[in-house]
Amino acid sequence: MKQQLLSLAITVSLTACASTSAPNIPEQSKPVTIAVVDTVSPSQTSAYLANGEKVITLEKIMSDPDWMGRSPESWYWGDDSNTVLFKQKREGNPLRDLYQQSLSSQAGAQAVKMAQMHIASDRFAQLNKAGTHEVYTFSGNVFVKDVATQKVQQLTYTSATERNAMFLANGDVAYRVGDKFFQHNIEQNRIIELASLVMSKAPSGEESLSYIAQENRELIDYLALQKRNNNLRAEQADKLKAQNGTITTTEFYFGNGNRVVYASLSPKGDKMIVSIAKAGSTRSKTDIMPNYISSDGNIDAEKVRHRVADNRKYKEKLFLLDLKSGLKFPLSYDQLPGYDEDVLASVREENYKREGKTYESKNEPRNIHVMRTWDPIKWQDDGNQVAVMLEAWDNKDRWIATVDLLQNKLTHQHRLHDEAWINYTFNEFGWLDNTNTLYFLSEESGYSHLYTKSLKGKAKQITSGRFEVSDLTLSRDENEIYFKANVKHPGIYEIYKVSTAGGDIQALTDMGGMNDYSLSPDESKLLIEHSTVTMPPELFVIDIANKAEPEQITYTVSDEFKSMPFTAPSIVAVPSSHQDEPVYSRVYLPKNHSQTTEKHRAVMFNHGAGYLQNSHLGWSGYFREYMFHSMLAQQGYVVIDMDFRASKGYGRDWRTAIYRHMGKPEVQDMLDGVEWLVENANVDRNRIGTYGGSYGGFLTLMALFNEPETFQSGSALRLVSDWAYYNHGYTSNILNTPEDDKIAYERSSPIYFAEGLNKPLLINAPMVDDNVFFQDSVRLVQRLIELEKQDFETAIYPVEPHGFVQPSSWLDEYRRIYKLFENTL
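When you line the sequence shown up against mature numbering (1 follows the signal peptide of the UniProt record, and there is no 0), it's residues -18 to -1, 1 to 807, in that order.
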């Protein structure tokens, strides 16, 4: 098998912040000058190799990451399109400070003074139609800013939390406090309550009385008198409201035991879309997580999420509220195609058959709710149209529907159906107001692409190809949409724009690596967060019209970090024995890889989240692992980090390959990675280990249990051992629910295959993990004990959540992982 390297593969300079892509990988780029010294201990803190190179140590790379530098966070444009604001973590301190950088000044970024924070903290401000003023909230109060003069007017001074501030079409400001919505006329300084969403039954003169209550009313005169007096007061209040124009009725009643999930006010201030769900049953006594190390010395039983095995089906009722008349109209889902399909019929039939039963399919209304995405209810700017994105509880359908504001009903616009599951991302949508058209993302072609649809026409695909489109920004004139996409290669993300009418896409950046963006308010510039494989994110600015080279405006990476001899991994296209597409992987090679005949040890890292991309050409969130892998390469290991099937960035089919059988396609890809290492990286087949956390811990278990002769050892961190114990939102997408699909859970959960373990396993388990419960590790350990397995050890971390926080915990964890590989490989 020939070595297949990414055609755009690179080895990035440790001091470069822009991509240095080349058509082919030169010989000298395979590793960065790393010497192989097997005798060097990673616990040495100031050792140097014979060539003067620093020794990479666990103490350094697992210490507080402030030493690396503190990259800009939460960045955004100032109002003048010539100022950039960003947050930066304080050194040795969890607090963040807000900085302001003028593009026309040679001075560095200046910290925003506390007294000016209410002026600068307008990242999520909304402009009025004229673009002269913006409204936003700061510390729970509402502010209006004159964009030209930067004069700020504070509208509210309350201890309540005002949110969802917006301009109405008439220029007034609206905002929400709890479940009450207000309209604020700035010129008259008048506040009107538009609506109050009340989670109780509407007051009524008619009462449903028990026999005893009715008897009391009839026998006890005092009770009858109290009832009469209460009725008189209610009648008087009703007459006052009817005859006095200063009193308004804004209450909308939705019944006891409910809660507001979404509430969206029309820009006209006259209507509202509201979704209502049950408030949720009281958590059972098992929905707790013991915290053994608490500040008061007691064991805290912390409430945590439900498990998917609890199978609590979920739905919402959707309403249109007329704020002028006080009427509410339920919006039925029966206008949605497939709203009553039995989409799980084949799954249920298979499970019934295994139990010796026969399943009879029938159509009945499915549980439907508003999509869990950012801003799933979109009004046109003038308030004449509104669209809602909806999703089925069984995860197989997503609908976009408009609301007929005259007939008070839903009108179907688009259905996205997936036999596996609808993606939780790629759900951006909105209005082209000028043409009464919707735009949205959809994976229906196999990749996330941009579509438009007139309300009475068919959907039109605007972008196409084997790449994924995301992060949409509509231009003010609505003629263009800006977006991020991996057009050049799955692991390179650049910024593009396309006409809303269709046509060729135009590349706006060519920086390589990973790029995220924000369009300036005047639409003349792009603010780019750019990173490479070896360099953390920094901020750049690009002048769109002049097509100038990107200008770097932040320099936060430390000199110490840049001086470290970390390995720049190559991106390798590992051929697959199960599908046409290769498995893209990061490969870390020791310096003498091409000069020695001695076979190497190797480690395979399995990334977490399942749906996550790590073999891209930008900075990885697994930065500690990047440094650890460099340390291993410095000591002669080869390391491979694969974007196995289920990973993000490679389209719908790659994402859903694990439907109903998690752990099988991924382990198949891992085996192909092993073959590649043996044939192309001079690796000893009998000296390969594997490790990973969360989903990566799950895969480590599946590999060791089901392919026991492939890996000589493995470490599973914050592992999933039984998917029935994980949450509903993630797990039911892939495996349905245990009630419907026991087969999928049993063949996807490592605990069912624990008897296959015959190589050393290290289990690292945080105890206050409210994502993957500590219970997963406890149950697996007991199973291994009962199976009389000997080659496993467990390390617990009493104060750590799912993502470790304390440097001492990181160091302890990776010392154990390193020791495992040193002893077994």
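Cβ atoms here follow ideal geometry from the backbone N, Cα and C, with glycine treated the same way.
Checklist line | Rounded straight-line distance, which links the Cα of residue 118 to that of residue 247 | finding: The count along the sequence shown starts at 1 and reaches residue 247 at position 265. The count along the sequence shown starts at 1 and reaches residue 118 at position 136. Going by the C-alpha atoms only, they are around 16 Å apart.
Next item on the list: Go ahead and pull the three-state DSSP assignment for residue 38.
Entry: The residue you call residue 38 lines up with position 56 of the sequence shown. Residue 38 sits in coil when the DSSP states are folded into three classes, being neither helix nor strand.
Notebook entry, point to check: Mapping DSSP to helix, strand and coil, what is residue 696?
Noted result: Here the question's residue 696 lines up with position 714 in the sequence shown. In this structure, residue 696 counts as strand in the three-state DSSP scheme.
Notebook entry, point to check: Given residue 287, which residues of its chain have a CB within under 6 Å of its CB, disregarding the five upstream and five downstream residues?
Noted result: Along the sequence shown, read from residue 1 onward, the residue named residue 287 stands at position 305. Exclusion of the five residues before and after residue 287 leaves 709 as the residues of its chain whose Cβ lies within less than 6 Å of its Cβ.
Margin query: Taking the alpha carbon of residue 51 as the reference point, which residue from 730, 544, 575, 342 has its own alpha carbon closest?
Written below: Walking along the sequence shown from the start, residue 51 turns up at place 69. Its Cα nearest to that of residue 51, the residue 544 stands out among 730, 544, 575, 342.
Notebook entry, point to check: What's the C-alpha gap between residue 171 and residue 155?
Noted result: Locating residue 171 in the sequence shown gives position 189, counting from the first residue. Locating residue 155 in the sequence shown gives position 173, counting from the first residue. Cα-Cα distance, rounded: 11 Å.
Next item on the list: Could you confirm whether any beta carbon from chain D is found closer than 8 Å to the beta carbon of residue 482?
Entry: No chain D appears in this structure, which consists of one protein chain only.
Next item on the list: Take every Cβ of the segment 696 to 712, pair it with every Cβ of the segment 669 to 685, and state whether three or more of those distances are shorter than 8 Å.
Entry: At 8 Å Cβ cutoff, the stretches touch.
Notebook entry, point to check: Given a threshold of 16 other Cβ atoms within 10 Å of its Cβ, counted over all protein chains shown, does residue 127 qualify as buried or as exposed?
Noted result: For the purposes of this step, residue 127 is taken as residue 145 along the sequence shown, with counting starting at 1. By the neighbour-count rule (16 or more Cβ atoms within 10 Å), residue 127 is buried.
Item checked: Three or more C-beta pairs below 8 Å linking the segment 752 to 763 and the segment 786 to 795 -> Touching, no, given that fewer than three Cβ pairs across the two stretches are closer than 8 Å.
Checklist line | residue 297 and residue 375 closer than 8 Å at C-beta | finding: For the purposes of this step, residue 297 is identified with residue 315 of the sequence shown, where counting begins at 1. For the purposes of this step, residue 375 is identified with residue 393 of the sequence shown, where counting begins at 1. Yes. Within cutoff.
Check: Of the choices 487, 521, 157, 608, whose alpha-carbon is the least far from that of residue 547?
Finding: To locate residue 547, count along the sequence shown from 1; it is residue 565. Closest option to residue 547, Cα to Cα, is 608.
Note to self: Quick check on residue 371: buried or exposed, where buried means 16 or more other Cβ atoms within 10 Å of its Cβ?
What the structure shows: On the sequence shown, position 389 is the one that residue 371 refers to. If you draw a 10 Å sphere on the C-beta of residue 371, you find 16 or more other C-beta atoms in it, and that means buried.
Check: Tell me which same chain residues have a C-beta within less than 8 Å of the C-beta of residue 240, skipping the five on either side of it?
Finding: By one-based count along the sequence shown, residue 240 stands at place 258. Once the five neighbours on either side are set aside, the close Cβ partners of residue 240 are 181, 258, 259, 260, 261.
Checklist line | Touch test, the segment 587 to 604 against the segment 616 to 634, Cβ-Cβ under 8 Å, three pairs minimum | finding: In short, these stretches touch, since the Cβ pair count reaches three.
Check: Can you give the beta carbon distance from residue 242 to residue 303, rounded, assuming they're within the 8 Å contact cut?
Finding: As a working note, residue 242 is residue 260 in the sequence shown. As a working note, residue 303 is residue 321 in the sequence shown. Contact doesn't hold; Cβ gap of about 11 Å is too wide.
Check: For the beta strand (DSSP E) that contains residue 284, what are its first and last residues?
Finding: Locating residue 284 in the sequence shown gives position 302, where the first residue counts as 1. DSSP places residue 284 in the uninterrupted beta strand (DSSP E) bounded by 282 to 285.
Check: If we call anything under 8 Å between Cβ atoms a contact, is residue 701 one with residue 773?
Finding: Along the sequence shown, read from residue 1 onward, the residue named residue 701 stands at position 719. Along the sequence shown, read from residue 1 onward, the residue named residue 773 stands at position 791. Cβ distance not < 8 Å, so residue 701 and residue 773 don't count as in contact.
Note to self: Quick check on residue 795: does DSSP put it in helix, strand or coil?
What the structure shows: For the purposes of this step, residue 795 is identified with residue 813 of the sequence shown, where counting begins at 1. Judged by DSSP in its simplified three-state form, residue 795 adopts helix.
Check: Counting Cβ pairs, one atom from each stretch, are 3 or more of them under 8 Å apart for the segment 393 to 402 and the segment 301 to 320?
Finding: Flag = yes, the segment 393 to 402 and the segment 301 to 320 touch.
Checklist line | Coarse secondary structure for residue 611, derived from DSSP in three states | finding: As a first step, residue 611 must be located in the sequence shown, where it is residue number 629. It is helical.
Item checked: Simplified DSSP assignment, three categories, for residue 806 -> Here residue 806 is taken as the residue at index 824 of the sequence shown, counted from 1. The DSSP-derived three-state label of residue 806 is helix.
Margin query: Please state whether the Cβ-Cβ distance between residue 619 and residue 584 is less than 8 Å.
Written below: To locate residue 619, count along the sequence shown from 1; it is residue 637. To locate residue 584, count along the sequence shown from 1; it is residue 602. A contact, by the Cβ cut-off of 8 Å.
Margin query: Going by beta-carbon coordinates alone, are residue 100 and residue 129 separated by less than 8 Å?
Written below: Reading the sequence shown from its first residue, position 118 is the one you call residue 100. Reading the sequence shown from its first residue, position 147 is the one you call residue 129. In this structure, residue 129 does not lie closer than 8 Å to residue 100 by Cβ.
Checklist line | Residues bridged to residue 525 (per DSSP) | finding: What you label residue 525 is simply residue 543 of the sequence shown in a count that begins at 1. Partner(s): 507.
Check: By DSSP, does residue 434 sit in helix, in strand, or in coil?
Finding: By 1-based counting over the sequence shown, the position of residue 434 is 452. Strand.
Note to self: For residue 446 and residue 487, what's the separation of their Cα atoms in angstroms?
What the structure shows: By 1-based counting over the sequence shown, the position of residue 446 is 464. By 1-based counting over the sequence shown, the position of residue 487 is 505. Straight-line Cα distance between these residues: approximately 10 Å.
Notebook entry, point to check: What residue from 581, 497, 575, 435 has the CA that sits closest to residue 420's CA?
Noted result: Counting from 1 along the sequence shown, the entry for residue 420 is found at position 438. Of the listed residues, the one whose Cα sits closest to residue 420 is 435.
Note to self: Need the endpoints of the beta strand (DSSP E) that residue 59 sits in, please.
What the structure shows: Your numbering for residue 59 matches position 77 in the sequence shown. First-last of the beta strand (DSSP E) with residue 59: 55 to 59.
Next item on the list: Using beta-carbon positions only, say whether residue 479 and residue 462 come within less than 8 Å of one another.
Entry: The sequence position of residue 479 within the sequence shown is 497, counting from 1. The sequence position of residue 462 within the sequence shown is 480, counting from 1. With contacts defined by Cβ atoms closer than 8 Å, residue 479 and residue 462 form a contacting pair.
Check: Where residue 592 and residue 300 are concerned, what is the direct C-alpha to C-alpha distance, given to the nearest angstrom?
Finding: Sequence index remark: in the sequence shown, residue 592 carries index 610 (1-based). Sequence index remark: in the sequence shown, residue 300 carries index 318 (1-based). It is roughly 33 Å from the alpha-carbon of residue 592 to the alpha-carbon of residue 300.
Check: Looking at the structure shown, is residue 180 part of a helix, part of a strand, or coil, going by DSSP?
Finding: For the purposes of this step, residue 180 is identified with residue 198 of the sequence shown, where counting begins at 1. Residue state, collapsed to three classes: strand.
Next item on the list: Could you check which residue in 508, 654, 390, 539 has the C-alpha nearest to that of residue 64?
Entry: Your numbering for residue 64 matches position 82 in the sequence shown. Of the listed residues, the one whose Cα sits closest to residue 64 is 508.
Next item on the list: Return the first residue and the last residue of the beta strand (DSSP E) that residue 758 is part of.
Entry: Residue numbering aside, residue 758 sits at position 776 when the sequence shown is read from its first letter. For residue 758, there is no enclosing beta strand (DSSP E); the residue is part of the alpha helix (DSSP H) that begins and ends at 756 to 768.
Check: Do you know offhand how far residue 795's Cα is from residue 520's?
Finding: As a first step, residue 795 is located in the sequence shown; it is residue number 813 there, counting from the start. As a first step, residue 520 is located in the sequence shown; it is residue number 538 there, counting from the start. Distance between the alpha carbons of residue 795 and residue 520: 30 Å.
Margin query: Under DSSP, the beta strand (DSSP E) around residue 136 begins and ends at which residues?
Written below: Taking the first residue of the sequence shown as 1, we reach residue 136 at position 154. Looking at the DSSP string, the run of the beta strand (DSSP E) that includes residue 136 is 134 to 136.
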